[in-house]
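Colleague:
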Amino acid sequence: MNFDYESHKSHESRMSKIRSLLLLMAFCVSLGLNAQESGDSIKVARPVTASYMFEIGSAHLADTYLTPLKYNGWKLGLAYERFQAMKFNPEGWVMRYWGELEVDRTENPARNATMWLADLNLSWAMMHRWRLEHELSLYLGGLTGVDLGALYNDRNGNNPVAAKAAWTVDLTAMATWRYRLGRLPILLRYQATMPLTGVFFSPDYGELYYEIYLGDHKDLVHGAWPGNYFSLDNLLTADLQFGGTWLRLGYHCLWHSSRVNHITSRQITHAFTIGITGEFLSLNPRRPSPLPTIPAL
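Mapping of the sequence shown onto the working numbering: residues 4 to 300, in sequence order.
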């Protein structure tokens, strides 16, 4: 039997490299685990503050694409809101999700025609938080969201529907104040949101949607700014903290108007809000003890 010295030497070299690589990988894994344990020791828990709300109130609609008249009636809405401190800086930054499905039913002054609005609003915001004295906190940041909906006027035979679609980047500001009414903890909150820029959809005055379907796509998307797309969303809430579940009472007011292609559209709603709020926290069962928590509100 011939002994191939060179082949044996090459095999030993490869095995040595593999052993070195395995040792290096084990060392890296060990460093990673140690770093993770070290990071976990300084992490904080970020509870989620979630709210489910029902809104009822008045609605005032106008859209000159469908009719020159103003319509008045009622609004119903279902909303979901979620707050959580940001992972990269829980003390200083907070994020907010918002989703609302709204239905408005309105009538003309003669009460012989009805106009409906169905609208879906979804948004995400990130705000910087400043904790002040006397349990007062201020928040300021940016928000981006989409608004999709449609108006329907049952009196129009030829063109009864006006579609609504917009994507905007907004400025949002909020203030919260915690205090006690006797033994009852209460969280008061006011938030205002206004679009700064974005895009929105609008056909030409008198243009049929059938023409758009046939390929007339000119001048349908418009840049949004406060001069042609103004909106001010105001939300005032009071969370009465009965143990782990809070009762939310509030007032929601929306002023919205747009003007483009000789079409003016307005929506004004005032609604009473009632809902349930709670904090939810997911903990890792492998952690030896609960982490310190930083709530978003």
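Note that CB positions come from ideal geometry on N, CA and C, so glycine has one too.
1) When the Cα atoms are used, what is the spatial distance from Gly226 to Asp150?
2) Exposed or buried, what is Leu64 when buried is set at 16 or more other beta-carbons lying within 10 Å of its beta-carbon?
3) Provide the residue(s) that pair with Ser61 in DSSP beta bridges, ordered along the chain.
4) In angstroms with no decimal places, state the Cα-to-Cα distance between Leu34 and His273.
5) Would you call the region 235–251 in contact with the region 211–219, where contact means no fewer than 3 C-beta pairs closer than 8 Å?
6) Look up Glu136 in the DSSP assignment and say whether it is helix, strand or coil.
7) Counting along the chain, where does the alpha helix (DSSP H) carrying Leu217 start and finish?
8) Report the rounded CA-to-CA distance for Asp157 versus Glu58, giving the unit in angstroms.
9) Does DSSP put His259 in a helix, a strand or coil?
10) Any idea what DSSP makes of Ser234, helix, strand or coil?
11) What does DSSP give as the partner residue(s) for Phe309 in the beta ladder?
12) Could you tell me if Ala62 is buried or exposed, where buried requires 16 or more neighbouring beta carbons within 10 angstroms of its beta carbon?
13) For Leu143, which residues in the same chain have their Cβ closer than 7 Å to its Cβ, ignoring the five residues on either side in sequence?
14) Can you tell me whether DSSP reads Glu110 as helix, strand or coil?
15) If contact is defined by three or more beta carbon pairs under 8 Å, each pair taking one atom from either stretch, is the region 178–187 in contact with the region 159–166?
16) Report, in whole angstroms, the separation of the C-beta atoms of Ala88 and Arg49, which I expect to be a contact under 8 Å.
17) Compute the distance between the beta-carbons of Gly253 and Gly281, then report whether it is under 8 Å.
18) Give the DSSP-derived three-state secondary structure of Pro50 in the structure shown.
19) Does DSSP put Met89 in a helix, a strand or coil?
Modeller: In terms of the structure at hand:
1) Sequence index remark: in the sequence shown, residue 226 carries index 223 (1-based). Sequence index remark: in the sequence shown, residue 150 carries index 147 (1-based). When rounded, the distance between both Cα atoms is 15 Å.
2) As a working note, residue 64 is residue 61 in the sequence shown. Within a 10 Å sphere around the beta-carbon of Leu64 sit 16 or more other beta-carbons, which makes this residue buried.
3) Reading the sequence shown from its first residue, position 58 is the one you call residue 61. Trp77 and His273.
4) Within the sequence shown, numbered from 1, the residue matching residue 34 stands at position 31. Within the sequence shown, numbered from 1, the residue matching residue 273 stands at position 270. Note that Leu34 has pLDDT 43, beneath the 50 cutoff, so the model's placement of it is unreliable and no number is given.
5) Counting Cβ pairs under 8 Å, fewer than three are found: no touch.
6) Position 133 of the sequence shown holds residue 136. Three-state DSSP puts Glu136 in coil, outside helix and strand.
7) In the sequence shown, counting from the first residue as 1, residue 217 sits at position 214. Its alpha helix (DSSP H) spans residues Tyr212 to Leu217.
8) Taking the sequence shown and counting its residues from 1, the one referred to as residue 157 is at position 154. Taking the sequence shown and counting its residues from 1, the one referred to as residue 58 is at position 55. Between Asp157 and Glu58, the C-alpha separation is close to 25 Å.
9) Locating residue 259 in the sequence shown gives position 256, where the first residue counts as 1. Note: His259 maps to strand in three-state DSSP.
10) What you label residue 234 is simply residue 231 of the sequence shown in a count that begins at 1. In the structure shown, Ser234 adopts extended strand secondary structure according to DSSP, grouped into three states.
11) Missing from the structure shown is residue 309; the chain here goes from 4 to 300 and no further.
12) Walking along the sequence shown from the start, residue 62 turns up at place 59. Answer is buried; the Cβ neighbour count reaches 16.
13) Here residue 143 corresponds to residue number 140 of the sequence shown, with the count starting at 1. Cβ neighbours of Leu143 beyond the five flanking positions: Met130, His131 and Ala176.
14) Position 107 of the sequence shown, counting from 1, holds the residue named residue 110. The answer is strand: DSSP assigns Glu110 an E or B state.
15) Counting C-beta pairs closer than 8 Å gives fewer than three between the region 159–166 and the region 178–187, which falls short of the contact rule.
16) As a first step, residue 88 must be located in the sequence shown, where it is residue number 85. As a first step, residue 49 must be located in the sequence shown, where it is residue number 46. Correct: roughly 4 Å between the Cβ atoms.
17) By one-based count along the sequence shown, residue 253 stands at place 250. By one-based count along the sequence shown, residue 281 stands at place 278. Cβ distance not < 8 Å, so Gly253 and Gly281 don't count as in contact.
18) In the sequence shown, residue 50 corresponds to position 47, counting from 1. The three-state reading of DSSP puts Pro50 in coil, since its state is none of H, G, I, E or B.
19) Position 86 of the sequence shown holds residue 89. Met89: coil per DSSP, three-state reduction.
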